[in-house]
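Colleague: For the protein sequence lines, the chains are Y and X, in the order given. Just so we're aligned, residue 401 is where the first sequence starts under this note's numbering, counting upward by one. Just so we're aligned, residue -18 is where the second sequence starts under this note's numbering, counting upward by one. There's a structure below that I have some questions on.
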Amino acid sequence: MMRMIDFDTLFTIPPYALKKIEKEQLHKQYLDRLFEHHCNACKPYQQIVRVLGKNPPLPVRLFKKYDLRSTGNEEITKTMTSSGTSGQSVSKIYLDRATSARQTKALSKIVSDFTGKSRLPMLVIDSKAVLKNRNMFSARGAGILGFSMLGRDLTYALDENMNLDWKTIDAFCQKYYGQEVLMFGFTYIIWQHFYQTLKTRNKKLPLKGILIHGGGWKKLSELAVSEDEFRMELISVTQLQKVLNYYGMVEQTGSIFMECECGHLHASVFSDIQIFHPENFEIAEKNEQGLVCLTSLLPTSYPGHILLTEDEGEILGEDDCPCGRMGKYFKIYGRMRGAELRGCSDTYEQH
Amino acid sequence: MSNIEYLIGSERLAKRVLPVYSDEAINFLSDLSSELLHASNIRAYPDVVSVAYWCRKGNLLKLREVYHSINRLGRGLAFHIAPSNIPVNFVFSYFFSLLAGNANIVRVPSKPFPQVDMICNAFRQVLPQHPQIAERTAFVAYPVNNEITAAFCKEADLRIIWGGDQTVAEMRQYPVKPKCIDIVFADRYSICILNGDAILECTAQDLKNLAENFYNDTYLMDQNACSSPQLILWRNGSNEAQTRFWDAVEKEAGNRYKLQGMTAVEKYIHLCEDAIEYPEIQSFVRQHGNLLYRIQLSELSKVETTALRGKGGYFYEYYLEDLGELCALINAKYQTITYFGVHPEELRQIILNNGLQGVDRIVPIGSAMNIGVFWDGYDIVTMLSRVVCTS
């Protein structure tokens, strides 16, 4: 069944070229086939469909409780895990060769739309130690590994204790002095372990080019750092021209949503976003805040093509971003507030 | 000890106990009732109204007449752990123990509720005229603190522990006096039995009242109280009866319930989980957006029904061919059956004749939350007092 999905055609399309109607038609075709495939290949998915109907959005939390896979055990080459906050159970995402190859390819097409076709020297603001277990990838490890394909002369800026590796950084700066480089890392780690060290030492690194960062806004907002502040501060300790955020989740690796030069997150040809009104799950209009539902055309090894997140966001527009990219663009507000329920069963020690 | 805030009373409590349903207690509670009913904003809090009504003199005298025994006395000092999510439960716990003749230390909900403030204010007004009661009453608030809890547990002759399985397990860790008696309120499960024929016979007004009562049993507490029905069992009638009932409930909830965004998400997640877990699901009906979820089950023989739990308007439905089927469903976790169009005595006989371990209350729809001296199968005042016999 899976072989019938023609992904080759999908990858011939430039990532931000399709207008609303073309994209809708394309997505409908792929989603129909993905639906059919996962129904046939994933029993729990089929049971959900039996009750909820065609192509129901799967709550991301479901991947924590159940092993959802649409491929045989022997086909699984990687298992990715979400970096759940301590004490919480983690999501497990099962990847086969074909799905992970597609994710890598999509990521490369998306990111090179921002960085250019040539592979830039790359500085990862993290420690190599994150990549230790190659079969069980954390979201952080997966992100690093995925992005590392997009650069050359991969260099890690932090040592195993998460301290700045000055020797390596200085060598990197010297080697590529005056050239464009690609920097990548997780928002919170960049702030905590890179920016703050540079700031306290009053140091400015001669790094030119582009920084792409993602994940961990929640932790950052606890420190009361806004997106703008993050961008300005990072530019102040380097010579970077662009600092771009991305939005994505381990459940849909590859088809990430990149922030453009206008500060908008963009859906690519591989992905889409819808905003739901929480009270009825009806689709919200542009500029209405609601629950984020994400589409990715990539996964065939697990039923993650339509996911209901627990994030809140808002569509800002479609096909008309000043940056020139087609498709929807949006912003994310972060996790939805937890519910407070009445009731007599509680744990008094917690209150 | 520091960190303890005495909202009412102090650490000095009287050692001497009172008789059950003492004049002192009844007079005090009656004054408290009038004080509460005169509070300017009481109408905004139906749960405080229910507190005030419950401790009216008439009600208490009636209880005394039925259950009074001159040979019963309190047991000493009672320590109450109230649930933190229900604003008025703590004061009912106190009432029952006071009427049993005990002195009381009550840990009030740590979440701020205006109802708690209202009740404490009324106590402050009335207690000075009732010194005998004042020296037997302490309401305390303290942050999570094992030492304070341990100290109260050590002194207690009785512990009244609300809050479900986990709280009970935690409280059981503390050493107590050898003779200390615990009344514990564990996690329970409740159902509703509806006669479809009776629904079809309802006038529009009857139906509206029924829906309002059903709402009060369920949505009003986010369907998250032990006595809120989770499983709706149908007798007789047809699809038409079910539709008629749920349409009325939907209307009521649409007017009154504020569905939080995250509750809607939780309901949806729960539905997906149920779809995976239960092939018994025959169909699913969603009404008024995400306000009302109905999960219709075709078969219950392999289902542990007490695991069927929804929150915020998430109901399981099953059609009962015969009331006798209840015997196979009911286990020790079952607490309340709310009913409409079914004879309660018929239900009671099923429990009694079959020696079933569960179901302690069979009450009409709308009374699920009405707490009283009989609760969870306990005769609370009797359990909190002791009898002096001669021969």
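No residue lacks a Cβ here, since even glycine has one placed at the ideal position from N, Cα and C. In this text the structure is predicted, and so the values were computed from the model without any measurement.
#1: Cβ of Cys253(X) less than 9 Å from any chain Y Cβ?
#2: Please confirm if Ile23(X) has its CB atom under 9 Å from at least one CB of chain Y.
#3: What whole-angstrom Cβ distance do Lys423(Y) and Phe463(Y) have, given they're in contact under 8 Å?
#4: Are the CB atoms of Phe166(X) and Leu191(X) nearer to each other than 9 Å?
#5: Quick check: Pro442(X) and Arg53(X), are their CB atoms within less than 9 Å of each other?
#6: Give the DSSP-derived three-state secondary structure of Ala122(X) in the structure shown.
#7: Check whether the Cβ atoms of Arg461(Y) and Ile262(X) sit closer than 9 Å, and answer yes or no.
#8: Distance, Cα to Cα, Phe120(X) vs Glu151(X)?
#9: Looking only at its own chain, which residues have a Cβ that is under 6 Å from the Cβ of Met401(Y), when we skip the five neighbours before and after it?
#10: Here's the rule: buried if 16 or more other CB atoms are within 10 angstroms of the residue's CB, otherwise exposed. What is Ile361(X)?
#11: Apart from the five residues just before and just after Phe296(X), which ones in its own chain have a Cβ nearer than 6 Å to its Cβ?
#12: What in chain Y is Cβ-close to Phe265(X), meaning under 8 Å?
#13: I'd like the span of the alpha helix (DSSP H) that includes Glu221(X), first residue to last.
#14: Could you name the residues that DSSP lists as bridge partners for Ala59(X)?
#15: In chain order, what residues of the same chain have a beta carbon less than 6 Å from the beta carbon of Tyr75(X), not counting five sequence neighbours either side?
#16: Taking just the CA atoms, how far does Lys686(Y) sit from Ser527(Y)?
#17: Looking at chain X, is there any beta carbon in it that lies within less than 9 Å of the beta carbon of His677(Y)?
#18: Whose C-beta lies closer than 6 Å to the C-beta of Leu644(Y) among residues of the same chain, with five residues either side of it excluded?
#19: Span of the alpha helix (DSSP H) holding Val449(Y)?
#20: When the distance is taken between beta carbons, is Phe586(Y) closer than 9 Å to Gly546(Y)?
#21: In terms of alpha-carbon separation, which member of Asp341(X), Gly336(X), Asn312(X) lies closest to Pro325(X)?
#22: On the DSSP bridge list, what partners appear for Trp356(X)?
#23: Give me the DSSP bridge partner(s) of Val1(X).
#24: Nearest-angstrom Cα distance between His705(Y) and Ser548(Y)?
#25: Can you give me the C-alpha to C-alpha distance between Gly238(X) and Tyr200(X), rounded to a whole angstrom?
#26: Shortest alpha-carbon distance to Tyr299(X) belongs to which of Gly177(X), Cys370(X), Lys189(X)?
#27: Out of Glu710(Y), Glu629(Y), Gly690(Y), Ala557(Y), state which residue places its alpha-carbon closest to the alpha-carbon of Thr597(Y).
#28: Gln204(X): which of Ile250(X), Lys292(X), Phe77(X), Arg216(X) sits nearest, CA to CA?
#29: Cα separation between Ser701(Y) and Met726(Y)?
#30: Assess, as a yes-or-no matter, whether the segment 137 to 153 of chain X is touched by the segment 15 to 24 of chain X under the definition of 3 or more beta carbon pairs within less than 8 Å.
#31: If you reduce the DSSP assignment to three classes, tell me which class Val149(X) lands in.
#32: Please check if any C-beta of chain Y sits within less than 9 Å of the C-beta of Lys283(X).
#33: Mind listing, in chain order, the continuous beta strand (DSSP E) runs of no fewer than 3 residues lying wholly within the segment 292 to 368 of chain X?
#34: Alpha carbon to alpha carbon, how far is Ser626(Y) from Gln674(Y)? Give it in angstroms, no decimals.
Modeller: Taking the definition as stated:
#1: Chain Y, which has a Cβ nearer than 9 Å to the Cβ of Cys253(X), makes this yes.
#2: No, its Cβ sits nowhere closer than 9 Å to a Cβ of chain Y.
#3: Incorrect: roughly 26 Å between the Cβ atoms, too far for contact.
#4: No, these two residues do not count as a Cβ contact at 9 Å.
#5: Chain X is shown from -18 up to 372; residue 442(X) falls before or after that span and cannot be answered.
#6: Three-state result, Ala122(X): strand.
#7: Annotated as distal: Arg461(Y) and Ile262(X), with beta-carbon spacing of 9 Å or more.
#8: Their backbone Cα atoms lie some 21 Å apart in a straight line.
#9: At Met401(Y) the pLDDT is 47, less than 50, meaning the model places this residue with poor confidence and gives no usable figure here.
#10: By the neighbour-count criterion, in which a residue is buried when 16 or more other Cβ atoms sit within 10 angstroms of its Cβ, Ile361(X) is buried.
#11: Hits under 6 Å: Ile213, Arg275.
#12: The answer, in chain order, is Val451, Leu452.
#13: First-last of the alpha helix (DSSP H) with Glu221(X): 220 to 237.
#14: Paired residue(s): Asn85(X), Leu139(X).
#15: Closer than 6 Å at Cβ, skipping near neighbours: Asn85, Val87.
#16: One alpha carbon belongs to Ser527(Y), the other to Lys686(Y), and they sit about 40 Å apart.
#17: Output row for His677(Y): interface = yes.
#18: Cβ neighbours of Leu644(Y) beyond the five flanking positions: Ile612, Glu659.
#19: Where Val449(Y) is concerned, the enclosing alpha helix (DSSP H) stretches over 443 to 452.
#20: For Gly546(Y) and Phe586(Y), no; Cβs fall outside 9 Å.
#21: The residue among Asp341(X), Gly336(X), Asn312(X) with its C-alpha nearest the C-alpha of Pro325(X) is Asp341(X).
#22: In the DSSP output, where bridge partners are listed per residue, Trp356(X) has Tyr359(X).
#23: In the DSSP secondary-structure assignment, Val1(X) is not bridged to any residue.
#24: Spanning the two alpha carbons is a distance of roughly 24 Å.
#25: The question names Gly, but residue 238(X) is Tyr in the sequence shown. Distance from the CA of Tyr238(X) to the CA of Tyr200(X), rounded to the nearest whole angstrom, comes to 7 Å.
#26: Checking every option, the nearest Cα to that of Tyr299(X) belongs to Gly177(X).
#27: With distances taken between Cα atoms, Thr597(Y) lies closest to Ala557(Y).
#28: Of the candidates Ile250(X), Lys292(X), Phe77(X), Arg216(X), the one whose C-alpha sits nearest the C-alpha of Gln204(X) is Lys292(X).
#29: Rounded to the nearest angstrom, the two C-alpha atoms are 29 Å apart.
#30: The segment 15 to 24 of chain X is not in contact with the segment 137 to 153 of chain X.
#31: Note: Val149(X) maps to helix in three-state DSSP.
#32: No, its Cβ sits nowhere closer than 9 Å to a Cβ of chain Y.
#33: Taking 3 residues as the minimum length, the beta strand (DSSP E) runs contained wholly in the segment 292 to 368 of chain X are 295 to 300, 315 to 321, 342 to 345, 366 to 368, in order along the chain.
#34: C-alpha separation (whole angstroms): 24 Å.
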